[in-house]
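What follows is a set of notes on a single structure, which appears directly below.
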Amino acid sequence: MSAPTSLVTSSSRPDGVLLTDEVDALTSLRGLAPADLEVRLRADASSRRAVLTLFAVAIAWLLIGSLFGELASFKMHWPDLLVRQGWLTFGRVRTAHLHAVNYGWATAALIGTSLWLMPRLVHTELKGVFMAIVGASLFTLGVAIGIIAVLAGYSDGMEWLEAPRYAAGPFLVVGGGLIGLSLFRTVAARTNDHLYVSVWYILGAFIWFPMLYIVGKWPTYTGVESAAANWFFAHNVLGFWLTAMSVGAAYYFIPKVLGRPVYSYQLSVVGFWSLAMFYSLNGMHHVVGGPMPEWMITTSIVASVFMFIPVIATGINLHMTVVGRFGALRYSPTLRFIVIGALCYTAVSLQGSFTALREVNRVTHFTHWTVAHSHVGAYGFVSFIAFGAIYYIVPRLVGHEWPSASLIRWHFNLVLGGIAIYVLSLTWAGVAQGLALLDPQLPFQVSVLRTLPGLYGRSLGGLIMTLGHFVFAYHFWIMVRKPELSRRNRPPFHEAQPIIYTAEAEAARVGKHTPSGGAAPVPTMRHADAVGAPPSQQSLQAPLEGGAA
Amino acid sequence: MLPTSLVVVIATVSMSLAPALLLFWSWRRGLFHDLELQSRMIFDERDWRLERPWESFAEQRTREVLYGRRENPKAGEWGGATSGPIDVDDDAAGLRRKITASDEYGSTADDWRDTSRHDRA
Amino acid sequence: MSADDNGGQRKDFMARTGLVALGAFAVMASAIIILVIIPKTMLSEVRASPELPPYTAVQLRGRGTYIANGCVYCHSQQVRDPAFTTDVDRGWGSRATVPEDYVYDRPHLLGTMRTGPDLINVGQRLPSIDWHLIHLYDPRSLNSWSTMPAFPFLFEERRPEDVMPNDRVVRIPGPRAPKGVVIIAKAEAIALSEYLLSLKRQYPVSDSVESSGHRSLNAGGRHD
Chain A
14 MSAPTSLVTS SSRPDGVLLT DEVDALTSLR GLAPADLEVR LRADASSRRA VLTLFAVAIA
74 WLLIGSLFGE LASFKMHWPD LLVRQGWLTF GRVRTAHLHA VNYGWATAAL IGTSLWLMPR
134 LVHTELKGVF MAIVGASLFT LGVAIGIIAV LAGYSDGMEW LEAPRYAAGP FLVVGGGLIG
194 LSLFRTVAAR TNDHLYVSVW YILGAFIWFP MLYIVGKWPT YTGVESAAAN WFFAHNVLGF
254 WLTAMSVGAA YYFIPKVLGR PVYSYQLSVV GFWSLAMFYS LNGMHHVVGG PMPEWMITTS
314 IVASVFMFIP VIATGINLHM TVVGRFGALR YSPTLRFIVI GALCYTAVSL QGSFTALREV
374 NRVTHFTHWT VAHSHVGAYG FVSFIAFGAI YYIVPRLVGH EWPSASLIRW HFNLVLGGIA
434 IYVLSLTWAG VAQGLALLDP QLPFQVSVLR TLPGLYGRSL GGLIMTLGHF VFAYHFWIMV
494 RKPELSRRNR PPFHEAQPII YTAEAEAARV GKHTPSGGAA PVPTMRHADA VGAPPSQQSL
554 QAPLEGGAA
Chain B
520 MLPTSLVVVI ATVSMSLAPA LLLFWSWRRG LFHDLELQSR MIFDERDWRL ERPWESFAEQ
580 RTREVLYGRR ENPKAGEWGG ATSGPIDVDD DAAGLRRKIT ASDEYGSTAD DWRDTSRHDR
640 A
Chain C
357 MSADDNGGQR KDFMARTGLV ALGAFAVMAS AIIILVIIPK TMLSEVRASP ELPPYTAVQL
417 RGRGTYIANG CVYCHSQQVR DPAFTTDVDR GWGSRATVPE DYVYDRPHLL GTMRTGPDLI
477 NVGQRLPSID WHLIHLYDPR SLNSWSTMPA FPFLFEERRP EDVMPNDRVV RIPGPRAPKG
537 VVIIAKAEAI ALSEYLLSLK RQYPVSDSVE SSGHRSLNAG GRHD
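Chains as they are written, first to last, in the numbering used here: chain A, 14 to 562; chain B, 520 to 640; chain C, 357 to 580.
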């Protein structure tokens, strides 16, 4: 079979269809970076233990964090709930929630994803696996110490930085450092000349987070300079830690599942550097109107508006890659989650740019709007991408697919429905609160009473999300511990033999499920998907010849 | 709401001009010449050949012509699970399709959901 | 053909790990200089007004309790410019707060939520320690609409006969008063109330540029 010069009529040329002269270019492209099956399997195998450990830890934190969050939410409209114990007071439970979901769930899930991605991206095995596992354990211990300390009443006082620097800090620093070292060593051992965009983001995250942590935890701030450092850290940990790893993951999974390269790789360069430059100056938009030198706040507002550039660049890349392929969302839970995650990234960033403007900030500052906004980001964007990544990665580590499509559906519907209710209720409550606060004729209690319905809505949304998390956790548990429940476990995942139906086989299959007599369906193997053996010479060398196997 | 103060102007200029110049200079030096290649490095042979049920017949055929015999997706290939009754002989990840027997993969367009209509960007 | 031979051409900018890493570091470092180091240098010259005394030991302990129980997550401590918004009209202060007001605050407690009212001048608005003690024990005994958590663990409940002469008795008004026990404020509750009473930032501040740069720039910079 020789390559035809044209495959389709001139009236339609779907994307992905290439003419002969482009074929040659592609052939040479393939030779540039043959991430062949063997390399990929070795990469996956090397990261397996570290990644599974981190995912298990992450999901445990997700459950813990969800419970703390739900309790905090209940306390906001039922303030006399569980007040007798100091460790359950709202102010401590809220912080425990924030730490558990951001430094526990999101961080662990994204680090796990990065540890899986990096070997794949640089076509080598994960270096320092033991180091990574030890690092992950120490980091988790640090987060746990921080949360326990906060619940016991020991807080360093600044939002996002409450974990006591001398009790929890050493574990966080050493643990995170070990993981970073493992990643850096893996990159250093790379065998190819090209760095995919996800590598920049992951590398960036592990360079930036330590810098942020040092700035945030520096012990000698006083007064409003501590506010500058606080919001420098808190905002940038979102952009340079959580966002960086999440966007890096999205840049990999969306093209990978679709089999279609990112829409414009040049835009990804623009996106990366403009994110780095502008996001880093955003932090003071958390104190608009506050007692800080005006020039700082103005710089942050300008930088926040400039965020349009990286967000639109990344948004174009991630969304345009999917456009025309939305049918894929039916087949891939990974894509479902990650595409929604990418949409939430664009949404939350545009929302943020808008909210930084003084006239808008006047209404939204100090209200629940900010909480809603932060959940669009940390949940709708970051957590959804983490969910999608976990759905993709875990089958490749345990050797079989997820056991239950219906549990995936439940998870997806619950968390999507939950976050929608959450964000809508709380945004509405925030605007109502802000407008009430702006009117000095209205006593303060009006702002409180007007938010109550939204707070109930948030608790409902949160409850639904929490249910979704328990479904997810259960599914993860049976996925890892009960492989026999996976329908396709025979044969194992990476040795699946594809089967083509013949007419008789189909008739027999429809007729009965168990083979009987001569009407037994006979699987006809058209080609073997040989795994472990190097890709067949024929298929590599003769794609244009039709590769008759 | 148009910003007017000097601070804003200086901030805008410093935040945009310097990096833009740097990127432009790098581009002129040819440091971004083979970026497109890098966008393809995450794919291997199998990714190019993999059969994706949401793609139109024309797209599938293109893949086949360019990259070789199409490969079936494994169960759970894209992060999902197979629903439906367990069937030892059925492999494709939750897909229910028939290919009429032939030596080629030359199925007619009817065998495929015609998704070409809503594949326009 | 070797795996990644790009034909002997110069490696792409974005393919050089070292360069990308250096660039990332440099961008973050410059942001730290702009938003943390330079302000820190500028603000280190800010001096407290003579009318603002440093916190006493008790007040500092109370501030520690404020931090430990996360009061900052519902209460702010800043009054914004009256030309910008209605904080002053609402009675939360007679002027906008400036950096000098926070010189003794380590760390800041500016806050980002107003689930509850702003507190930077609460010592002026509500100067009664008994009010604060009652409010901390049970906010709803004073404001039925309040959603503030109660802090009974900062207090003790004693039988009437066990009350000592030095105990700080808190008399809860209204129907929510607990029956048959006497509420005694623990040292933490008293310290916290003392801290709240110390929150007064109404003294006048000079408009000079050295004082903060905040008010003087404010006049020109409002249009952004």
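For every residue, glycine included, the Cβ atom is placed at its ideal position computed from N, Cα and C.
For Ile322 (chain A), the nearest candidate out of A:His299, A:Gly155, A:Tyr292 and A:Phe152 (CA to CA): Checking every option, the nearest Cα to that of Ile322 (chain A) belongs to A:Tyr292.
Neighbour-count burial assignment, Lys535 (chain C), 16 or more Cβ in a 10 Å radius: Classification of Lys535 (chain C): exposed, given that the 10 Å Cβ count is below 16.
Close beta carbons around Thr503 (chain C), own chain, < 6 Å, minus the five adjacent residues each side: Nothing listed; no residue qualifies.
Euclidean distance between Cα positions of Thr5 (chain A) and Met305 (chain A): In the structure as shown, chain A starts at 14 and stops at 562, and residue 5 (chain A) therefore has no counterpart that could be examined.
Own chain, CB closer than 7 Å to Val300 (chain A), minus 5 neighbours either side, in chain order: Closer than 7 Å at Cβ, skipping near neighbours: Ala240, Trp244 and Ile310.
Closer than 8 Å to chain C by CB, Arg463 (chain A): No - not a single Cβ of chain C is within 8 Å of the one on Arg463 (chain A).
C-alpha distance - Gln446 (chain A) paired with Asp494 (chain C), whole-angstrom precision: Between the C-alpha atoms of Gln446 (chain A) and Asp494 (chain C) there is a straight-line separation of about 24 Å.
Integer-rounded CB distance, given that Phe222 (chain A) should sit under 8 Å from Phe253 (chain A): Rounded, the Cβ-Cβ distance is 7 Å, consistent with contact.
Per-residue burial, Asn499 (chain C) [other beta carbons within 10 Å of its own, 16 or more giving buried]: Exposure of Asn499 (chain C) is indicated by the presence of fewer than 16 other C-beta atoms within 10 angstroms of its C-beta.
Cα-Cα separation, Leu76 (chain A) to Val106 (chain A): Roughly 14 Å between the two C-alpha positions.
Closer than 8 Å to chain B by CB, Pro346 (chain A): Closer than 8 Å to some Cβ of chain B, the Cβ of Pro346 (chain A) qualifies, so yes.
Residues near Leu154 (chain A) in its chain [Cβ-Cβ closer than 6 Å; skip 5 each side]: So the list reads Phe184, once near-sequence residues are dropped.
Proximity below 8 Å, CB of Val70 (chain A) to CB of Ala113 (chain A): Judged by beta-carbon spacing, Ala113 (chain A) lies beyond the 8 Å limit of Val70 (chain A), meaning their Cβ atoms are not closer than that value.
Alpha carbon of Leu50 (chain A) to alpha carbon of Arg565 (chain B), nearest angstrom: Spanning the two alpha carbons is a distance of roughly 8 Å.
Opening and closing residue of the beta strand (DSSP E) in which Val601 (chain C) lies: Nothing can be reported for residue 601 (chain C), as the shown portion of chain C is limited to 357 through 580.
Within-8 Å CB hit, Trp544 (chain B) to chain A: No - not a single Cβ of chain A is within 8 Å of the one on Trp544 (chain B).
For Glu512 (chain C), three-class secondary structure by DSSP: It is a strand residue.
Contacts that Gly549 (chain B) makes with chain A (C-beta to C-beta distance below 7 Å): In chain order: nothing, as chain A lies at least about 14 Å away.
Cα-Cα separation, Arg547 (chain B) to Gly595 (chain B): Rounded to whole angstroms, Arg547 (chain B) to Gly595 (chain B) spans 45 Å at the Cα level.
Contact with chain B by Ile421 (chain A), beta-carbon distance below 8 Å: So, interface residue.
Coil, strand or helix - Phe379 (chain A) by DSSP: Three-state result, Phe379 (chain A): strand.
Beta carbon of Phe400 (chain A) nearer than 8 Å to that of Cys357 (chain A): Against a cut-off of 8 Å, the Cβ pair of Cys357 (chain A) and Phe400 (chain A) comes out as no contact.
Within 8 Å, strictly: CB atoms of Arg463 (chain A) and Leu439 (chain A): No.
Contact under 8 Å by Cβ, Thr383 (chain A) with Thr468 (chain C): Yes, the Cβ-Cβ distance between Thr383 (chain A) and Thr468 (chain C) is below 8 Å.
Rounded straight-line distance, which links the Cα of Lys396 (chain C) to that of Arg470 (chain C): C-alpha separation (whole angstroms): 27 Å.
Closest residue to Gly412 (chain A) among A:Met492, A:Leu468, A:Trp91 and A:Gly182 (Cα-Cα distance): Ranking the options by Cα distance to Gly412 (chain A), first place goes to A:Met492.
Stretch-stretch touch, CB-based, cutoff 8 Å, three pairs: the segment 378-395 of chain C with the segment 446-456 of chain C: Segments in contact, no.
C-beta atoms of Val454 (chain C) and Val561 (chain C) nearer than 8 Å: Note that the C-beta distance between Val454 (chain C) and Val561 (chain C) is below 8 Å.
Arg403 (chain C) versus Glu456 (chain C): straight-line alpha-carbon distance, rounded: Cα-Cα distance, rounded: 6 Å.
Exposed unless 16 or more other CB atoms sit within 10 angstroms - verdict on Ala530 (chain B): Buried, because 16 or more other Cβ atoms sit within 10 Å of the Cβ of Ala530 (chain B).
Cβ of Gly340 (chain A) within 8 Å of any chain B Cβ: Judged by the 8 Å Cβ criterion, Gly340 (chain A) is in contact with chain B.
Trp308 (chain A) at chain B interface by Cβ criterion, 8 Å: So, interface residue.
Selected residue, minimal CA-CA separation from Gly418 (chain C), among C:Arg514, C:Pro505 and C:Leu489: With distances taken between Cα atoms, Gly418 (chain C) lies closest to C:Leu489.
Chain-ordered chain A contacts of Leu569 (chain B) [CB-CB under 8 Å]: By Cβ distance, chain A contributes Gly272.
Three CB pairs or more closer than 8 Å across the segment 165-185 of chain A and the segment 196-204 of chain A: Short answer: they don't touch.
Cβ of Tyr547 (chain C) within 8 Å of any chain A Cβ: For the sequence presented, residue 547 (chain C) should be read as Ala rather than Tyr. With 8 Å as the cut-off, Ala547 (chain C) does not count as an interface residue toward chain A.
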